[in-house]
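Asker: Chains as they are written, first to last, in my numbering: chain Y, -8 to 328; chain A, -8 to 328; chain U, -8 to 328; chain W, -8 to 328.
By construction, the Cβ of each residue, glycine as well, lies at the ideal position given by its N, Cα and C atoms.
Nothing here was measured: the structure is a model prediction, and the numbers come from that model.
Here it is, the structure in full.
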């Protein structure tokens, strides 16, 4: 941590500040500049509150040198984390595709889609039971009934299931019922929920918030890991920018950046990233080429009548074509898929 | 709602689409353009899912004409909502200042600050008991004990209290204990929490999310109101932009925009908007001049030793000076303060 | 164009507005809604000023249906534009790599780099002579001398050269000296420069502005094309967002979007998109996979002593490795490279 | 300047780097941390290229301590710059209003507006002769004829005139004809233009670019000042964010920030900031309350028939009402207006 002092800070105040820092068990190194002087702080600063230092008299700016996350940090855990979900490996050079409808609508619908995506090579089934909707008047998901239908589809196909949780009250239920628990973008900083999930051992698929920095994203993973659950899968799904042609802007460079900073697996959701089904194909290929560990793709047997996210859902036919092309691409890239 | 069709959409498909819309109890008006044709949809479209329409074959784009919020909409409720909190009126030309420390730290601290801000003319006491922190290793608030200390400070000063809720599990407790329940920026789209708050009659102070559009902000207010609770206070607290000198960018024009679109009171939080205490003074004055119904300001007796948000907290002396100047300003602006 | 009227607009004023529009040679279609009424405007609205309509009394909002660009619009020119630069084809299924140093520094440097990138398979040589620098105190390029060195390198290697122009005063000189004229991101809306370039027939490589929407980007291409020069190559090079880990955020989905909306070739600059050399490799592959027509990559023989953009420059060795891998990828994607 | 080294950088390479820095006439201070080590660089680093340092082997990150601008920097010039335009003082506690039409359209129009705004208390006349328009098909201004009409209006009213320049070729003409030369947001980093303006002594009104950081904005002022012209007026006019209700987002806190960092006068353009005339009134008051040195406001005698920016133009009547209210506000704020 580096502390930049205001111009003309009295020597006495500098010494007081240095003493205060030393009392936290840290060491300091004071460098006098021509205009600004700085204090270098040495030791484990991950638990030091940057804001507390900023609030000290004569402090102009505080800059972190050490990342504030530890358990999610590749510096301390150089090897890739590989998460095993019923024998399917996520991370570490394996490429996984999770697919299925935005929301579970009926027994027939989820079974048709589940069978179709399985045939095309998807190994994990996604489907929404509880849906976060901007409008209180929009379809909110089949909820408990949706969970039951997902379980039936799992039984029928053998595919593990991933679905979104929205409330800390449902953690116990989800741990029992599903294979991967998804935390949506809007709940990335729902810290009470993250803390509850940290107490379980269930794989968590954590989506990046709409305006979360990469560091904040990793700090949310750290919340879950600090609680004791290190099975976290990161998911880039588009960020909010000024561009409105696409619903969000897929931050494709976040994938190699996250993989450099962290050992956790990183997947991409091209469906939510843009909100347009015709962009899912090129973006899926880009995600594979850039080094993602997998994809999460919305597939619906009848997009025009889907109860949500129809505009971004692929038909089973389009999904099948995409999967075939991804397999050719994987070979060229030496990816195991 | 206006539906723009793709170039060369077959007449048969257009008729099918029109029929589908008519079946929803809406009327249509079909306009043939030189290149693009459009369908105007007439009737109450607030409950029609825009995405469902977008997913139809040959639909190029869908544009809303009617706002998707109804209860929060000034068009349907022209008069300003005035919320009464123990005799203190919020909205409708009254100017209210809520102030106090970022987090409640001790009985002594909250009492010193409460008395100070009361003396300066603040009428509502703010203080954090449960704190949403980016890092799992940062101070998370005194929680239940913090609530108790706030209640003691209320008893001592007579000021109503406002504090932040983070979990739907605590709604009952908060309804009993506090006077205004605050929903923080990170939870603006925590829909489960909003739904629970909609079942109460407690005033809710809803903060705008870091990257929430004005429409999304009003839709979150609509969630609470749709549940039956129309006591919602909107709070602009800065949005995330590319500029990093300030922590966030105060969207000052959001204040008059929100007041035009909605009848709900709108206050401004200049402390979180920038993260710098020396900006609180000019931004508070700007907020009053632009037409806000009030302010929420962080005050701490000893910012350098605050357990959170020290850099943005005013000392009681600086706060007192600001309040005096705001009173002069209010007079020039014909504001009741 | 669709005009949304304010609630309760008097019939008389609506008729006046309709008449005003009809006088511009356009047709109107008036649709009465439950709350808002709308006027559909039919005919060539590309030359109608949206702002003029917005300024009319009782107009609540104006929405375009037709895109405001015509010459750059795929709807009117379905076939891909292919630009021929000394026999090298850009666009229409050909993949081209332009590479070289950020700035030309010496005869020796440009020749070493030019020979190296040619050997690796690059067919166009890039190099900066006039450099747009944020600081007036930074190296501003070798200017005229840089141009001469580029011409020598072209002579030595046979590669066409592309370099950036910053002033309308230099158009004549650049037309004579270089093969492709580059307009940088900061000058994307330097309309005087665009107009001058529109009078030439030289291929123009137009970079997207840091905060330009896709529509504004295409409107700048339209400026050049409206002047009579249809040889425009679009270049996505990252946009400005709140994320600061990378210098900019590569908007990878802009590539398929631009190719859908326009017939112009689209290339990607992964070097400027992130400012970090280790990200050039994965982003180049992503750009190819997503459907770009080519790449522009910075290569420097000695990045640590480069006079600009060292941190984002590849060494010739790293560039050679990347080119080999791109060739394998191209085969899997059926791309001609 | 602080250089953060990669983990495990060999001692030999560190010494080489230190030597390289020392050779630039700077001093270094090497601090060994637990994980990361840092090098503090002491001396005048404003002319050191941050990118060059970043490109060195083993450099993880470089952070500036000293601001990169010197002439625009309040640290080196504590007193407010006051610019005198024909006896009208800008900066240093004086409040100035520049107003007039977006574009000059006719002798009659500019004279009507000029007389009206003068009567209301505006002291400087604005009006566009050369107009930067997103579309090549939109009205581009009366150009030379517009300049002549402005000069006539100046003669008739005695008000100095400010108008926008778009090309370095017109600098000589503008120096002769106008009193303040405006550089628009799109040209904030048109460095060739800035350099030409730096050679004059004419007051320059420099608008902030749509996505320019505060530091980049000050660096563009530095370009003009480095050339020898220190008469720069800064103008905040809204930045581009994800919010689309307003055309741009007025960054109101930029005003006190700019005034803290720099000694230059800072004015606000509320018309372009939002694109909506009904927001000009509250935002003008907010700008005065926050500490701006003045305003630039668009006024048109007939907004519905304005050739540009009609939706954001005030009528003379609305402008007059605003000016009266600003005068009351100024008194309460002890501002000289």
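Got a sec? Which residues, its chain only, sit under 6 Å from residue 112 of chain U by beta carbon, not counting five neighbours each side?
Answerer: 314
Asker: Counting C-beta neighbours from all protein chains within 10 Å, is the total for residue 100 of chain W 16 or more, i.e. buried, or is it exposed?
Answerer: Classification of residue 100 of chain W: buried, given that the 10 Å Cβ count is 16 or more.
Asker: First and last residue of the beta strand (DSSP E) that includes residue 270 of chain Y?
Answerer: Element bounds for residue 270 of chain Y: n/a, residue is neither H nor E.
Asker: Under a CB-based cut-off of 9 Å, is residue 277 of chain Y close to chain U?
Answerer: Yes, contact with chain U.
Asker: Would you be able to state if there are at least three C-beta pairs under 8 Å between the region 167 to 175 of chain Y and the region 136 to 150 of chain Y?
Answerer: With a cut-off of 8 Å, the region 167 to 175 of chain Y and the region 136 to 150 of chain Y count as touching, because enough Cβ pairs lie within range.
Asker: Whose C-beta lies closer than 7 Å to the C-beta of residue 249 of chain A among residues of the same chain, with five residues either side of it excluded?
Answerer: 205, 225, 257
Asker: Flag this pair as touching only if the region 212 to 223 of chain Y and the region 189 to 201 of chain Y have three or more C-beta atom pairs under 8 Å; answer yes or no.
Answerer: yes
Asker: In the region 55 to 73 of chain A, which residues sit with their C-beta less than 7 Å from some C-beta in chain Y, listed in chain order?
Answerer: 59
Asker: Kindly list, in the order they appear in chain W, the residues whose Cβ is closer than 7 Å to that of residue 180 of chain U.
Answerer: 123, 177
Asker: From what residue to what residue does the alpha helix (DSSP H) around residue 214 of chain U run?
Answerer: 205 to 217
Asker: What residue ranges within the region 118 to 167 of chain A form continuous alpha helix (DSSP H) runs of no fewer than 4 residues, ordered along the chain?
Answerer: 135 to 148
Asker: Is there at least one non-hydrogen atom of the ligand NAD closer than 8 Å to the beta-carbon of residue 258 of chain W?
Answerer: Within the structure as shown, the ligand NAD is missing, as the structure has no ligands at all.
Asker: Within 10 Å of its beta-carbon, does residue 6 of chain Y have 16 or more other beta-carbons around it, so buried, or fewer, so exposed?
Answerer: exposed
Asker: Can you tell me whether residue 132 of chain W is buried or exposed, with buried defined as 16 or more other CB within 10 angstroms of its CB?
Answerer: buried
Asker: Nearest CA to the CA of residue 242 of chain W: which residue from W:299, W:268, W:231?
Answerer: Taking only the C-alpha atoms, the option nearest residue 242 of chain W is W:231.
Asker: Helix, strand or coil, according to DSSP, for residue 110 of chain A in the structure here?
Answerer: DSSP places residue 110 of chain A within a helical segment (H, G or I) once states are collapsed to three.
Asker: Please classify residue 14 of chain Y as buried or exposed, where buried requires at least 16 neighbouring CB atoms within 10 angstroms.
Answerer: exposed
Asker: Tell me which residues of the region 237 to 253 of chain Y have at least one Cβ-Cβ distance to chain U shorter than 8 Å, keeping chain order.
Answerer: 237, 240, 241, 242, 243, 244, 245, 246, 247, 248, 251
Asker: Below 8 Å on the Cβ atoms is my guess for residue 104 of chain Y versus residue 273 of chain Y; work out the distance and round it to an integer in Å.
Answerer: With 8 Å as the limit, residue 104 of chain Y and residue 273 of chain Y do not qualify as a contact, their Cβ atoms being about 22 Å apart.
Asker: Can you confirm whether residue 47 of chain A, when its beta carbon is compared against all beta carbons of chain Y, has any partner nearer than 9 Å?
Answerer: yes
Asker: Check whether chain Y comes within 9 Å of residue 231 of chain W, counting only Cβ atoms and requiring the distance to be less than that.
Answerer: yes
Asker: Is the CB of residue 226 of chain Y under 9 Å away from at least one CB in chain A?
Answerer: no
Asker: Determine the closest residue to residue 291 of chain U out of U:283, U:300, U:284, with distance taken between C-alpha atoms.
Answerer: Of U:283, U:300, U:284, the residue nearest in Cα terms is U:300.
Asker: Check whether the Cβ atoms of residue 163 of chain W and residue 119 of chain W sit closer than 9 Å, and answer yes or no.
Answerer: No, they are not a contact pair.
Asker: Compare the C-alpha of residue 126 of chain Y against each of A:207, A:26, A:278, A:9 and name the closest.
Answerer: Selection A:207, A:26, A:278, A:9 evaluated against residue 126 of chain Y yields A:207 as nearest (Cα-Cα).
Asker: Check distances from the C-beta atoms of the region 291 to 316 of chain U to those of chain W and list, in chain order, the residues that come in under 7 Å.
Answerer: 294, 295, 297, 299, 300, 301, 302
Asker: With a threshold of 8 Å on Cβ separation, who are the neighbours of residue 239 of chain W within its own chain once the five nearest residues in sequence on each side are excluded?
Answerer: 201, 228, 229, 230, 231, 232, 263, 264, 265, 266
Asker: In chain Y, which residues lie with their C-beta within 7 Å of the C-beta of residue 282 of chain U?
Answerer: Within chain Y, the residues near residue 282 of chain U are 273.
Asker: Count the other CB atoms within 10 Å of the CB of residue 310 of chain U; is the residue buried (16 or more) or exposed (fewer)?
Answerer: buried
Asker: Can you check whether the CB of residue 94 of chain U is closer than 9 Å to the CB of residue 298 of chain U?
Answerer: yes
Asker: Secondary structure at residue -3 of chain A, three-state DSSP: helix, strand or coil?
Answerer: coil
Asker: Residues of the region 153 to 170 of chain W with a CB closer than 8 Å to any CB of chain U: list them in chain order, please.
Answerer: 157, 158, 159, 160
Asker: Would residue 284 of chain A be called buried (16 or more neighbouring beta carbons within 10 Å of its own) or exposed?
Answerer: With a threshold of 16 other beta carbon atoms within 10 Å, residue 284 of chain A meets it and is buried.
Asker: Taking a contact to mean a Cβ-Cβ separation below 9 Å, would you say residue 33 of chain U touches residue 17 of chain U in this structure?
Answerer: yes
Asker: Below 8 Å on C-beta distance, what does residue 204 of chain Y contact in chain U?
Answerer: 233, 234, 235, 236
Asker: Would you kindly check if the distance between the Cβ of residue 278 of chain A and the Cβ of residue 320 of chain W is under 9 Å?
Answerer: no
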